[in-house]
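Reviewing the structure listed below.
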Ligand code: PRP
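In our numbering, the protein residues as written are 204 to 413.
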């Protein structure tokens with residue numbers, strides 16, 4: 204498993220506004236999308252391409268295009284939905300599947316309440332989107348689900364991670380073809396399973412409390 208923490212002043216700047224408790228939902232949503240686009244640049248470094256012959260106004264040449272089968276983008280509902288638009292802007296030909304997961308607030312165990320994904324993910328490159336990697340339970344379950352369906356390589360893109368959760372995901376998925384791209388690794392998890400300093404509950408800040 205490979206972990207990459209993006210180190211860019213623009214990402215840190217946008218993250219600072221995102222963390223601020225006074226940032227209202229409309230700005231929070233816009234920033235999540237912008238951060239996704241910045242993280243996608245790193246997250247898609249390994250996207251599979253194939254050669255293609257074209258002719259420029261000057262001469263024939265060979266370039267590349269996104270290879271078949273097309274990549275699959277999988278936002279984890281709800282909060283991952285806030286990242287989807289920022290990702291499809293960069294990978295418009297990708298397909299999109301959905302996984303709905305909710306973490307039990309007491310046990311912190313994730314449950315899957317919705318799934319709309321191809322049955323067979325053989326040879327498929329998948330990009331999982333979730334802004335928060337806290338205990339790592341949701342991300343581990345989501346990635347294991349994709350690998351069980353035959354996905355060959357999985358990249359997860361998260362805005363924030365807690366060191367404890369990152370370690371747990373690394374232990375659970377060691378030896379697998381998985382990359383995790385992060386905007387930042389914070390200090391720790393608190394007793395409620397929230398990332399500290401973090402940004403609070405990303406789903407609630409994006410979409411309100413339901
Ligand atoms: C949050 C977050 C992750 C998960 C992280 O979702 O978006 O999916 O918790 O926690 P973990 O690493 O400890 O599993 P939540 O369950 O609050 O659902 P929501 O996106 O609908 O708000």
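All residues carry an ideal CB built from backbone N, CA and C; glycine is no exception.
Sort the options by Cα distance to residue i and report the nearest one.
i, options, result
"residue 386", "227, 239 and 225", "239"
"residue 250", "396, 358 and 375", "358"
"residue 212", "259, 241 and 402", "241"
"residue 355", "286, 333, 337 and 325", "325"
"residue 409", "323, 291, 333 and 208", "333"
"residue 303", "349, 276, 281 and 235", "281"
"residue 223", "413, 412 and 404", "404"
"residue 393", "367, 406, 413 and 376", "367"
"residue 215", "259, 228 and 237", "237"
"residue 248", "298, 285 and 205", "205"
"residue 375", "228, 344 and 402", "344"
Any heavy atom of the ligand PRP closer than 7 Å to the Cβ of residue i?
i, result
"residue 362", "no"
"residue 383", "no"
"residue 279", "yes"
"residue 319", "no"
"residue 209", "no"
"residue 411", "no"
"residue 341", "yes"
"residue 221", "no"
"residue 287", "no"
"residue 300", "no"
Taking a contact to mean a Cβ-Cβ separation below 8 Å, would you say residue i touches residue j in this structure?
i, j, result
"residue 319", "residue 313", "no"
"residue 372", "residue 383", "yes"
"residue 274", "residue 294", "yes"
"residue 276", "residue 348", "no"
"residue 338", "residue 396", "yes"
"residue 235", "residue 286", "yes"
So, is residue i buried or exposed, given that buried needs 16 or more other C-beta atoms within 10 angstroms?
i, result
"residue 353", "exposed"
"residue 267", "exposed"
"residue 328", "buried"
"residue 217", "buried"
"residue 279", "buried"
Using the DSSP secondary-structure output, state which residues sit across from residue i in a beta bridge.
i, result
"residue 254", "267"
"residue 304", "315"
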